[in-house]
Amino acid sequence: MPFLSKKEIPLIEIIPDGYVDIHSHLIPGIDDGVKTIYQSAYILEQFGKLGIKKAITTPHVMQDVWPNSTQTISDGLEDLQTILKPLKVSIHIEASAEYMMDDLFFQRIKTNDILPLYNDYILVEMSTFSPPINLTEILFEIKLAGYTPILAHPERYAFYHQNDLKKYSELKKQGFLFQLNLLSLSGYYGDKVKDIAKKLMEQNYIDFTGSDIHNYHQLGILEVGFIPKVAEKLSKLLPKNKVFA
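Residue numbers (the working numbering): 42 to 286.
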């Protein structure tokens with residue numbers, strides 16, 4: 042293994058050429074992500090230095106909290122792109138959404154008011170407290186509408202941490218793809234989440250990766266790097282995002 046002589050491997054050393062980040066919160070003012078366009082510009086500039094070529098930013102769509110529409114997201118992206126143009130930020134940015142699987146999402150799916158990541162892929166999430174009671178019905182509607190669900194940060198759902206990943210196996214069989222947060226591997230969300238993230242990688246359950254960047258602080262953590270064993274596994278996983286290029 043090429044990384045064994047180092048204590049930590051910086052992300053920049055394992056990012057593949059043309060890497061696409063598919064999870065971030067870089068449109069200011071519409072969710073819990075960045076507060077200003079200039080914060081967005083700085084983070085995107087640093088993304089470029091890390092070797093990330095494209096970012097599909099994914100504002101939350103969540104009933105009663107951030108009920109963003111296709112229009113608010115598209116308008117926010119246009120404003121951001123306008124500011125970025127004279128700054129000559131090298132990274133290309135697009136927008137999709139991170140959809141909470143709630144009643145609002147259920148309505149949006151039925152009316153096809155959805156911003157996919159690419160083709161039929163959509164990024165979805167659950168509450169960190171409990172899964173949707175109608176998860177099976179929601180999944181049926183997702184498939185009926187012709188979409189493929191990518192579950193954001195599955196490692197963060199503590200209610201699935203029991204029984205040797207059995208629940209994760211069931212989700213995979215039901216048709217969910219998994220997107221791992223790179224921050225999880227740094228321990229940002231705690232040791233348990235980090236441990237589950239590594240186990241999901243070892244079991245080859247992870248389909249895609251994303252930063253889930255909201256702010257400067259998280260960016261700094263992401264830039265630090267990973268222990269060699271994790272970096273080795275991650276270096277083989279990151280190229281899977283090329284489907285979004």
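Each residue gets a CB set at the ideal place from its N, CA and C atoms; glycine is no exception. These numbers come from a predicted model, not from an experiment.
What's the C-alpha gap between residue i and residue j?
i, j, result
"Asn282", "His101", "21 angstroms"
"Val265", "Gln87", "13 angstroms"
"Leu192", "Phe146", "14 angstroms"
"Glu243", "Ala286", "25 angstroms"
"Tyr229", "Tyr162", "27 angstroms"
"Tyr201", "Lys208", "6 angstroms"
"Ser115", "Thr177", "30 angstroms"
"Ser110", "Asp248", "27 angstroms"
"Ile174", "Asp143", "10 angstroms"
"Glu211", "Leu91", "35 angstroms"
"Asn160", "Val284", "10 angstroms"
"Tyr83", "Ile179", "37 angstroms"
"Gln215", "Lys95", "30 angstroms"
"Tyr246", "Phe217", "10 angstroms"
Identify, in the order they occur along the chain, each residue of the same chain with its Cβ nearer than 8 angstroms to the Cβ of residue i, setting aside the five sequence neighbours on each side.
i, result
"Arg149", "Val102, Tyr140, Ile155"
"Thr169", "Arg197, Tyr198, Ala199"
"Leu118", "Ile68, Thr98, Ile134, Glu135, Ala136"
What do you get for residue i, buried or exposed, if any count of 16 or more other CB atoms within 10 angstroms of its CB means buried?
i, result
"Gln220", "buried"
"Tyr188", "buried"
"Pro195", "buried"
"Asp253", "buried"
"Gln112", "exposed"
"Gln259", "buried"
"Pro190", "buried"
"Met42", "Only weak support is given to the placement of Met42: the predicted model assigns it a pLDDT of 47, under 50, and the question is left unresolved by the model."
"Ile237", "buried"
Can you list, in chain order, the residues of its chain with a C-beta nearer than 7 angstroms to that of residue i? Leave out the 5 residues immediately preceding and following it.
i, result
"Asp205", "none"
"Ser137", "Ile97, Thr99, Leu156, Pro157, Leu158, Leu164"
"Val271", "Leu226, Lys239"
"Glu182", "Phe147, Ile150, Lys151"
"Ile93", "Ile56, Tyr60, Asp62, Ile132"
Can you round the beta-carbon distance between residue i and residue j to whole angstroms, since I take them to be within the 8 angstroms contact cut?
i, j, result
"Arg197", "Ser225", "7 angstroms"
"Pro57", "Leu279", "5 angstroms"
"Gly251", "Asp62", "6 angstroms"
"Ile10", "Leu121", "Here the chain comprises residues numbered 42 to 286, so residue 10 is not present and cannot be evaluated."
"Val106", "Asn256", "18 angstroms between Cβ atoms; not a contact."
Reducing DSSP to helix, strand and coil, say where residue i ends up.
i, result
"Pro190", "strand"
"His101", "strand"
"Tyr246", "coil"
"Ala238", "helix"
"Asn256", "coil"
"Glu135", "strand"
"Gly261", "helix"
"Lys214", "helix"
"Ala298", "Past the boundaries of the shown model lies residue 298; the chain is included only from 42 to 286, so the question cannot be answered."
"Asp62", "strand"
"Ile289", "Nothing can be reported for residue 289: it is not among the residues displayed for the chain, which extend from 42 to 286."
"Gln203", "coil"
For residue i, which residues of its own chain have a beta-carbon under 6 angstroms away from its beta-carbon, when the five flanking residues on both sides are left out?
i, result
"Leu85", "Val130, Ile132"
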